[in-house]
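A.B. asks: Just so we're aligned, residue 1368 is where the sequence shown starts under the working numbering, counting upward by one. No residue lacks a Cβ here, since even glycine has one placed at the ideal position from N, Cα and C.
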Amino acid sequence: MYWPTTLTALARLADSGELAPAPVTVHAVTPTLRDYYADADPRDLEEELEYVAMTDAAEQSVRQLTAQEAPRRVVLALDVPDAAVQVERGAWSAPERSQVRLTVPLRLADLASIHVDDAEAEPDVRAAVAALPAADAGDEDARFTVEACEGHDLLWYDAGELPLLLVAGP
């Protein structure tokens, strides 16, 4: 499961041990996402689907950023029991295609890894935050600006590196 957040929110929540109360929306490989990629190469399918779900979560992270925060997308990968996942057939577009609801709270103990933009992504993320209102109103150029963030791969951090990440920044 992939949960979008920001560095500011993560720093605020890290001490409590609980990231979000139930129900909480996260991103995962869903039946809709599988249908969307039905023609993909089956040898790489699972990895590709996981990447798409994480990318959808990263777009949601952009939506959570404010002008005062470090312009970096943050996605937490969490291990959550399948029984806690409620999947509904969703829309075909990002990010709804990978959204699921969890019936349990997200806890820091469930953290598997942390994914964060590096400094090179900051100008594109800042531009995406500014372009969101126009993109949501249907402006194709603004949508292109928001999607430009996808050109940056998120850095991977082990769950144990969270304290270092919050102190030093990525």
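Between the alpha carbons of tyrosine 1403 and glutamate 1414, how many angstroms are there, rounded?
C.D. replies: Spanning the two alpha carbons is a distance of roughly 15 Å.
A.B. asks: Can you give the Cα-Cα distance for aspartate 1406 and alanine 1498, rounded to whole angstroms?
C.D. replies: 32 Å
A.B. asks: From the DSSP secondary-structure annotation, give me the bridge partner or partners of glutamine 1466.
C.D. replies: His1394
A.B. asks: With distance defined between alpha-carbon atoms, name the residue in Glu1517, Ala1509 and Leu1531 nearest to isoleucine 1481.
C.D. replies: Of Glu1517, Ala1509 and Leu1531, the smallest CA-CA separation from isoleucine 1481 is found for Leu1531.
A.B. asks: Could you name the residues that DSSP lists as bridge partners for glutamate 1385?
C.D. replies: Glutamate 1385 pairs with Arg1474.
A.B. asks: Taking valine 1442 as the reference, give the member of Ala1504, Val1483 and Leu1533 with the closest Cα.
C.D. replies: Ranking the options by Cα distance to valine 1442, first place goes to Val1483.
A.B. asks: Starting from histidine 1482, follow its DSSP beta bridges and name the residues at the other end.
C.D. replies: Val1442 and Trp1523
A.B. asks: For leucine 1400, I'd like the list of residues in its chain whose CB is within less than 7 Å of its CB, leaving aside the five on either flank, ordered along the chain.
C.D. replies: Leu1416, Val1419, Ala1420, Arg1464 and Ser1465
A.B. asks: Rank Arg1410, His1394 and Arg1493 by C-alpha distance to the C-alpha of alanine 1434 and give the top, closest one.
C.D. replies: Arg1493
A.B. asks: Relative to the alpha-carbon of arginine 1474, which residue among Val1454, Ala1495 and Pro1448 has its alpha-carbon at the smallest distance?
C.D. replies: Pro1448
A.B. asks: Using DSSP bridges, identify the partner residues of proline 1371.
C.D. replies: Val1442
A.B. asks: Could you give the DSSP three-state label for valine 1496: helix, strand or coil?
C.D. replies: helix
A.B. asks: Note down the Cα distance separating arginine 1430 from threonine 1470, rounded to an integer number of angstroms.
C.D. replies: 23 Å
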